Amino acid sequence: MHSAVGRFEDFAQVVGVKKPGGHGCWCTAYRDSRVPNDDRPAYMRDECSSEPGPGVIAYVDGAPAGWCSVAPRSTYRRLMHSRTLPFVDERDAWSVVCFVVRGGYRGRGMMLPLLEGAVAHAAAHGAEVVEGYPVQVDAGERVDVISGYVGTSRLFERAGFHVAAPTTGRSGGRPRVVVRRELA
């Protein structure tokens, strides 16, 4: 697991849009959805150019295979103005907002190492608390990619998080919760 700082090309291999003329999130939806589609790669190149960076990248046999976006909540414009994902307290928690695993690497259990890497990255940069906004799922229940990009409550619980607050948010029609893990 590595910070995305200085690794924009690897980030782009995991998150970037492959088809010519295609548009995608480029992990800007939570950071600043006002960034025009054509400017998103440059925006994220800039985010990858300095500490603490926009997240962590997982590698398999030296190839970039997965991504987890993690940064202080205050750096995510969408979270700061959210009407559905509440603030738990006044601290600037580090927020885990999305996961991406490249095709060919899915189904290999990469989400938990990505989340653990995100927590370690936040801790290394002085975070007191890390939170996420996953979909709530029951034991044995599976989620699709549309719902699962935010992670599942089971995933976060396996990484030592606890449910801190309900939300009115939904992903793929499923309810979301605020989960937290204290670091300090």
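Counted from 1, the sequence shown has number 37 at position 38 by numbering that gives the first Met the number 0; the numbering is strictly sequential. By construction, the Cβ of each residue, glycine as well, lies at the ideal position given by its N, Cα and C atoms. Quick caveat, the model's predicted, so the values are computed rather than measured.
Where the alpha helix (DSSP H) through residue i begins and ends
i    : result
F98  : Unbroken run through F98 is the beta strand (DSSP E), 93-100; no alpha helix (DSSP H).
K13  : For the record, residue 13 in the displayed sequence is Val; it is not Lys. Looking at the DSSP string, the run of the alpha helix (DSSP H) that includes V13 is 7-14.
H120 : 110-123
Y186 : Nothing can be reported for residue 186: it is not among the residues displayed for the chain, which extend from 0 to 183.
Y42  : 39-46
R157 : 152-157
Close-in-space but distant-in-sequence residues of the same chain around residue i (CB under 7 angstroms, 5 per side omitted)
i    : result
S73  : M79, D91
S2   : G52, V55, H120
T167 : T83
E156 : none
Residue i and residue j closer than 9 angstroms at C-beta
i    : j    : result
V100 : V13  : yes
V177 : A158 : no
F160 : R179 : yes
P63  : R6   : yes
F10  : C67  : no
G102 : L114 : no
V134 : R77  : no
M109 : V69  : no
Nearest-angstrom Cβ-Cβ length linking residue i and residue j, presumed shorter than 8 angstroms
i    : j    : result
G116 : M43  : With 8 angstroms as the limit, G116 and M43 do not qualify as a contact, their Cβ atoms being about 18 angstroms apart.
R175 : V149 : 7 angstroms
Beta-carbon proximity list for residue i, same chain, < 6 angstroms, skipping 5 on both sides
i    : result
H124 : P51
A126 : W93, L182
8 angstroms CB neighbourhood of residue i in its chain, flanking five on each side removed
i    : result
V128 : R90, A92, W93, R179, R180, E181, L182, A183
A138 : R153
V4   : C47, S48, S49, E50, P51, G52
T27  : V34, R39, Y42, M43
S81  : G168
Y75  : Y29, R30, S94, V96
Range covered by the beta strand (DSSP E) that runs through residue i
i    : result
S68  : 62-71
R180 : 173-181
Cβ-heavy atom distance, residue i to the ligand COA, below 8 angstroms
i   : result
Y42 : Among the components modelled here there is no ligand, and therefore nothing to report on the ligand COA.
Notebook entry, point to check: Three or more beta-carbon pairs under 8 angstroms between the stretch 50-60 and the stretch 111-131, yes or no?
Noted result: Result yes; three or more Cβ-Cβ pairs closer than 8 angstroms.
Notebook entry, point to check: How do the stretch 86-105 and the stretch 31-38 stand: do at least 3 beta-carbon pairs fall below 8 angstroms, yes or no?
Noted result: Three or more Cβ pairs closer than 8 angstroms define a contact, and the stretch 86-105 falls short of that threshold against the stretch 31-38.
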